[in-house]
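*Asks:* First to last, the protein sequences are chains F and U. Just so we're aligned, residue 1 is where the first sequence starts under the working numbering, counting upward by one. Just so we're aligned, residue 1 is where the second sequence starts under the working numbering, counting upward by one. The C-beta atom is built at its ideal place from N, Cα and C for all residues, glycine as well. One structure is given below, represented as structure tokens, and several questions about it will come after.
2 protein chains.
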Amino acid sequence: MLQGHQTWVFSSRPVIISTAAVGGPFEARGPLAEDFDLLHGDLWLGQDSYEKAEKKMLEEACEIAIKKAGLKKQDIQFFLCGDLLNQIISSGFAARTLGAPFLGLYGACSTSMESLALGSLIVDSRSGNNVVCGTVSHNAAAEKQYRYPTEYGAQKPPTAQWTVTGAGVALLSSGGEGPRVVAATIGRVVDMGVSDPFNMGGAMAPAAADTITAHFRDLGVSPGEYDLIATGDLGRVGFEIAADLLKKHGIEIPGGRFTDCGLIIYGENQRQEALAGGSGCGCSAVVTYGHILNRMKKGELKKVLIVATGALLSPLSYQQKESIPCIAHAVSIEYGP
Amino acid sequence: MLQGHQTWVFSSRPVIISTAAVGGPFEARGPLAEDFDLLHGDLWLGQDSYEKAEKKMLEEACEIAIKKAGLKKQDIQFFLCGDLLNQIISSGFAARTLGAPFLGLYGACSTSMESLALGSLIVDSRSGNNVVCGTVSHNAAAEKQYRYPTEYGAQKPPTAQWTVTGAGVALLSSGGEGPRVVAATIGRVVDMGVSDPFNMGGAMAPAAADTITAHFRDLGVSPGEYDLIATGDLGRVGFEIAADLLKKHGIEIPGGRFTDCGLIIYGENQRQEALAGGSGCGCSAVVTYGHILNRMKKGELKKVLIVATGALLSPLSYQQKESIPCIAHAVSIEYGP
């Protein structure tokens, strides 16, 4: 690998042999409902806390993906996962249930592609097989930790986003049938001085543009390489900024080929609540492992680039007047002959 | 790699071309003071919060290791790091300063070896070179987040441990001179139902025993393979439990070859404060990258196994009466002809 490059090319092209997307009641009302494997009618999942509900959703996603692949828990060699909760407790507890060797990750909402990138490295280097990569977020658990109790009904500005209640996992294998992971670009931390946690899309946009630019530079390809480039959860505000920044970098993505998972997960009828769009670890995970991979399997898309974006702040760093360091990891996936 | 195995063997043996260990005032009073590259006389490091002091310590460790290797920041291809603070803000902010592509990790106090294992995988698979792997913890920042304000002076039981104020990093390269990383065993989550956060050593001991057992099984070697096996931060109570469990698994480590970083970092004169011993992400990192690697360079040790242990709880999971899921990752390091 060349010095200065930040992209891994996986020569064996690890196979996503199965995926699972689990969602909550708000996601069930959205336009991508049919792409979920399981949707829950309420936020509690029969648990006595939102945190336990979040963990349960992740466990369900793991179980579904393993079952769809015709495997058993014992066949899973590594579990790579992270989430938004302090000390990534959802992932830690789900790892206890799964029983597989566990690598805990934290990349905020970029965790979906951080785990897929590292999982692909493990499979590609023959350091493991049947690797589960995933992440989860829960709207009420995230609101409780990051903002006000939802019962308080605090108003939010239109730049704010709606944390997705959803778990998405992919099961990676060295062989078999399914979409294949081609390459991954690991992002740098980019911080343009934005400190408003109600405009995380705006804060994350430069990180997305930085990683997309690095991806094209490292591989020497142009945007035309991809049928779809999807950012993770920039929402309406951040997505426009990212598109503008890319233009300034000389990167023009052809119309209709550039989208954001946070923009497509909810419909116009949900806009009053979702404001600028979806966000959270689960956002890019459920949209990619549900909707986008389904479109690939239908033959609508052959090659996609998923650019998961993360805002690496904490409530404490915000209170201490720090700006928001952001990151984006990109993974390219191909399907078809 | 065999199904069911959890150990990576690095055929190229990535080289630790430099390390850095930075510590605080309490560490400066301990028996390993001479093994630190930098010791601070107060906990603040000239910053206005303990969190910022923690971040600064990590930045200093990165800077020292890069300088010792005769490299520049721009030469670093990847940065793998995590810490104990919510949303691993110390690592995220240090990654912003370093500017290298960043993979955020969370393994509680096992993060030191999680990052070294993944960094070695990256170098060994030729997916990157000059990779900085590290972690940090800060006594006052940890107490503030996990327990009571220190000013409150809450009493602790003798099983409690003292969070190390320290940052430890290793710079990994495909060539050069230094100790070499031979193999890494990724741990499973083990939870024996302990729920007392003032006895984390006891909670973590079964995870340490599980990973050590897996390491010997996967590689088909015996404890005699190593001149030293050091667990991360089990402390007095957990270390004894781990030794007992290993005996029950039929693993007898010869006398004097088994130790715990949390036991050796503080002296008898510090026992009243440190109670059962040191803990925290920084504990195994500074002891390994300072003291143990220095002993290797002096020719006192040829091959060591570092078993970093982590307790994957959060204050919230404790309040919700969950037990403590624990994990341990082991990395073997060799030095000499």
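1) Taking the alpha carbon of residue 179/F as the point to measure from, which residue in 33/F, 93/F, 300/F and 329/F has its own alpha carbon closest?
2) Hey, residue 201/F and residue 282/F are a contact pair by Cβ (cut 8 Å); roughly how many whole angstroms apart?
3) From 160/U, 225/U and 183/U, pick the residue whose C-alpha is nearest to that of residue 198/U; which is it?
4) Just reading off the alpha helix (DSSP H) that residue 210/F is part of, what are its end residues?
5) In angstroms, rounded to a whole number, what distance separates the CA positions of residue 163/F and residue 328/F?
6) Which residues of chain F have a Cβ atom closer than 9 Å to the Cβ of residue 8/U, listed in chain order?
7) So is residue 269/F buried or exposed if we call it buried at 16+ other beta carbons inside 10 Å?
8) State yes or no: is the C-beta of residue 332/F within less than 7 Å of the C-beta of residue 183/F?
9) Check whether the Cβ atoms of residue 92/U and residue 316/F sit closer than 7 Å, and answer yes or no.
10) Under 7 Å between the Cβ atoms of residue 78/F and residue 128/F?
11) Which residues in chain U sit within 9 Å of residue 199/F, going by Cβ to Cβ distance?
12) Can you round the beta-carbon distance between residue 168/U and residue 100/U to whole angstroms, since I take them to be within the 8 Å contact cut?
13) What do you get for residue 6/U, buried or exposed, if any count of 16 or more other CB atoms within 10 angstroms of its CB means buried?
14) Using Cβ-Cβ distances below 7 Å, what residues of the region 206-218 of chain F are close to chain U?
15) Compare the Cα-Cα distances from residue 280/U to each of 232/U, 257/U, 250/U and 253/U and report the closest residue.
16) Pair every Cβ in the region 246-256 of chain U with every Cβ in the region 211-219 of chain U, then say whether three or more of these pairs are closer than 8 Å.
17) Got a sec: is the Cβ-Cβ distance from residue 188/F to anything in chain U below 7 Å?
18) Along the region 54-65 of chain F, what residues have a CB closer than 7 Å to any CB found in chain U?
19) Name the DSSP beta bridge partners of residue 8/U, please?
20) Output, in sequence order along the chain, the residues in the region 18-43 of chain F whose CB is closer than 9 Å to any CB in chain U.
21) Start and end of the beta strand (DSSP E) containing residue 78/U?
22) Interface residues of chain F around residue 191/U at Cβ under 7 Å?
23) Can residue 124/F and residue 284/F be called in contact, C-beta distance under 7 Å?
24) Using CA atoms only, rank isn't needed, just tell me which of 258/F, 52/F and 30/F is closest to residue 318/U.
25) Can you find a CB in chain U that lies within less than 7 Å of the CB of residue 294/F?
26) Counting along the chain, where does the beta strand (DSSP E) carrying residue 303/F start and finish?
27) Output yes or no for whether 7 Å exceeds the beta carbon distance between residue 148/F and residue 154/F.
28) Can you check the region 93-140 of chain F for any alpha helix (DSSP H) of at least 4 residues that lies completely inside it and give the ranges in chain order?
29) For the region 219-289 of chain U, list the alpha helix (DSSP H) runs that are entirely contained and at least 4 residues long, ordered along the chain.
30) Quick check on this structure: which residue in 31/U, 227/U and 205/U has the alpha carbon closest to the alpha carbon of residue 194/U?
31) If you compare alpha carbons, which of 289/U, 65/U, 326/U and 73/U is closest to residue 261/U?
32) Short of 6 Å in beta carbon distance, which residues of its chain neighbour residue 336/F, apart from the five on each side in sequence? Order them along the chain.
33) Among 43/F, 221/F, 217/F and 322/F, which has the Cα closest to the Cα of residue 25/F?
34) DSSP puts residue 334/U in a beta bridge; with which residues?
35) Taking only the alpha-carbon atoms, compute the straight-line gap between residue 253/U and residue 224/U and give it to the nearest angstrom.
36) Around the Cβ of residue 87/F, are there at least 16 other Cβ atoms within 10 angstroms (buried) or fewer (exposed)?
*Replies:* In brief:
1) 300/F
2) Between residue 282/F and residue 201/F the Cβ distance is about 16 Å, and since that is not below 8 Å, they are no contact.
3) 160/U
4) 200-219
5) 18 Å
6) 122, 125, 127 and 128
7) exposed
8) yes
9) no
10) yes
11) Within chain U, no residue comes near residue 199/F; the closest Cβ sits about 18 Å away, beyond 9 Å.
12) Rounded, the Cβ-Cβ distance is 18 Å, inconsistent with contact.
13) buried
14) none
15) 232/U
16) yes
17) yes
18) none
19) 184/U
20) none
21) 78-83
22) 96
23) no
24) 52/F
25) no
26) 303-311
27) yes
28) 111-124
29) 235-248, 261-264, 271-274 and 281-286
30) 205/U
31) 289/U
32) 302
33) 43/F
34) 180/U and 303/U
35) 7 Å
36) buried
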